[in-house]
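Asks:
Numbering (this note's numbering), first residue to last: 314 to 784.
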């Protein structure tokens, strides 16, 4: 019996494989959650002394300070060497950093390793969505795009489930082994058909398109849209006038809104300091167990995001989940406000309010903007400008990740935990309002149709002729 792989299955196979790089990124990004606790414990640290809160903040946030200066360069590099080649090259410094963590015996060594790995992680989160969006057809672009959050969450769950129960050195060894093993399948992936076409490899682009679209006729149809898109923008790109294009700037503004907003609401501060936050609640729920539960919830939320993506619009999902995120942050702030009262004893429902609030925060972020940010930002830009547009948009997110993670401990110390979480809840309200006003719906639209929604002047006859095109 011959097993037939449909074009959709082939698309899923390619996107699942490239997202193995994101799985290791998820593991690496929350490495600090179990590791900081050990580094600050005099009996578990591999260093000569426990690290301070200030040093810990650099371990978490250092790489996000460097990332913004590299993001745009990587965007241009992707256009030169290809999406897949760029992803493969990024695994080299990540693996070297993980190996170096095993032998690091000074805090500056750990900070340097984490800077290298964090920069690579953020760049991976830029390149993989572009690869996925260019491989997927418009009907499955949303579902395939959410695989990034799923695999990132899978890595998070692994770290939160295994990290607290292993020594610092042992977990670093495990991280290095997983990175090395999961890089191997990525070696065999083709580059995206759009990049192949842009470099003059038209026959190779048609071959890849035929495999993932199912017929040579559909492949040639999509190639025609590549040609039309390139002709429309190549002159602007050659003259470095892209940033004067109103449609591009509008897409860039929306990219900045989503990227900046996703960080101003405090999502990554929660993720990276999760075990530290749980220990600070002083409830009867063990922080190690609670972090595993929250990690599993994040993974389930990613699965949920994949299931609902084809039924509801991107904008609708974002707005709905931001309401839940707001309630979670308000609940967490309320707990710290009440429990901080002198002589207050944590009992009953208050004993579980922190974990319930954190579950709500993590679930709503993972189902909503955490999954959709990468998809929507990639959809806002058309082929020739996508690499530069996505990398530039996510620069704002990287800057805000640095600020929120570097100064999270300072904010909770200076302002108190309750005002800090209430601030994040107010930011989620502001983001809700801005998305409701400015962000157009992108679900079920081709890239050309999205450009029209942003105000671009596109040949409507060409769009209708390509309405079946799986871009």
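Ideal placement from N, C-alpha and C gives every residue a C-beta, glycine not left out.
Classify residue 505 as helix, strand or coil using the three-state DSSP reduction.
Replies: Reduced to three states, the DSSP call for residue 505 is coil.
Asks: So, for residue 552: in the same chain, excluding its five sequence neighbours on each side, which residues have a beta-carbon less than 7 Å away from its beta-carbon?
Replies: At residue 552 the pLDDT is 44, less than 50, meaning the model places this residue with poor confidence; the figure from the coordinates comes in the next sentence. Cβ neighbours of residue 552 beyond the five flanking positions: none.
Asks: Consult DSSP for residue 459 and reduce its assignment to one of helix, strand or coil.
Replies: Note: residue 459 maps to coil in three-state DSSP.
Asks: Since residue 337 contacts residue 492 with CB under 8 Å, what's their CB separation in whole angstroms?
Replies: Indeed, because the Cβ distance is near 5 Å, the residues count as touching under 8 Å.
Asks: How would you label residue 783, buried or exposed, when you count the other beta carbons within 10 angstroms and need 16 or more for buried?
Replies: Confidence is the limiting factor: at residue 783 the pLDDT is only 38, short of 50, which leaves the residue's position unreliable, though a coordinate-based value still follows. Buried: at least 16 other Cβ atoms inside 10 Å.
Asks: Decide if residue 615 is buried, meaning its Cβ has at least 16 other Cβ atoms within 10 Å, or exposed.
Replies: Under this definition residue 615 is a buried residue.
Asks: Please name the residue, chosen from 663, 717, 487 and 697, that lies closest to residue 395 on a Cα-to-Cα basis.
Replies: Cα-wise, what sits closest to residue 395 is 697.
Asks: May I have the straight-line CA-CA distance separating residue 682 from residue 374, to the nearest angstrom?
Replies: If you take the alpha carbons of residue 682 and residue 374, they lie about 21 Å apart.
Asks: For residue 630, which residues of its own chain have a beta-carbon under 6 Å away from its beta-carbon, when the five flanking residues on both sides are left out?
Replies: Taken in chain order, the residues that qualify are 681.
Asks: Quick one, are the C-beta atoms of residue 346 and residue 500 less than 8 Å apart?
Replies: No, the pair does not count as a contact, with Cβ atoms beyond the cut-off.
Asks: Secondary structure at residue 622, three-state DSSP: helix, strand or coil?
Replies: Coil at residue 622, not helix or strand.
Asks: Name the residue from 759, 467, 693 and 639 whose alpha carbon lies nearest to the alpha carbon of residue 562.
Replies: For residue 562, the nearest C-alpha among the options comes from 693.
Asks: With 16 other CB atoms within 10 Å as the buried threshold, where does residue 557 fall?
Replies: Label assigned to residue 557: exposed.
Asks: With distances taken between CB atoms, is the gap from residue 376 to residue 432 smaller than 8 Å?
Replies: Yes, the Cβ-Cβ distance between residue 376 and residue 432 is below 8 Å.
Asks: Consult DSSP for residue 760 and reduce its assignment to one of helix, strand or coil.
Replies: It is helical.
Asks: Looking at C-alpha atoms only, which residue of 424, 641, 600 and 721 is the closest neighbour of residue 473?
Replies: Considering only alpha carbons, the answer is 600.
Asks: Using the rule of at least 16 other Cβ atoms within 10 Å of the residue's Cβ for burial, across every protein chain shown, is residue 695 buried or exposed?
Replies: Counting Cβ neighbours within 10 Å, residue 695 comes out buried, since at least 16 surround it.
Asks: What do you get for residue 529, buried or exposed, if any count of 16 or more other CB atoms within 10 angstroms of its CB means buried?
Replies: Exposed, because fewer than 16 other Cβ atoms sit within 10 Å of the Cβ of residue 529.
Asks: For the alpha helix (DSSP H) containing residue 595, list its first residue and its last residue.
Replies: Counting along the chain, residue 595 falls outside any alpha helix (DSSP H), and DSSP gives it neither H nor E.
Asks: Helix or strand or just coil, what does DSSP make of residue 721?
Replies: Helix.
Asks: Taking the C-alpha atoms as reference points, what is the distance between residue 487 and residue 495?
Replies: The alpha-carbon atoms of residue 487 and residue 495 are separated by roughly 12 Å.
Asks: Compute the minimum distance between the beta carbon of residue 620 and the heavy atoms of the ligand MG, and state whether it is under 7 Å.
Replies: The ligand MG is not among the ligands present in this structure, which contains no ligands whatsoever.
Asks: Is it buried or exposed, residue 627, if we count other Cβ atoms within 10 angstroms and call 16 or more buried?
Replies: When all chains shown are included, residue 627 counts as buried.
Asks: Please look up how many angstroms separate the CB atoms of residue 352 and residue 360, rounded, as I've assumed it's under 8 Å.
Replies: The pair is a contact, with the Cβ atoms about 7 Å apart (cut-off 8 Å).
Asks: Can you give the Cα-Cα distance for residue 549 and residue 559, rounded to whole angstroms?
Replies: Annotation note: pLDDT 49 at residue 549 (below 50); position unreliable, no value reported.
Asks: Can you check the region 373 to 407 for any alpha helix (DSSP H) of at least 4 residues that lies completely inside it and give the ranges in chain order?
Replies: Within the region 373 to 407, the complete alpha helix (DSSP H) runs of at least 4 residues are 381 to 394.
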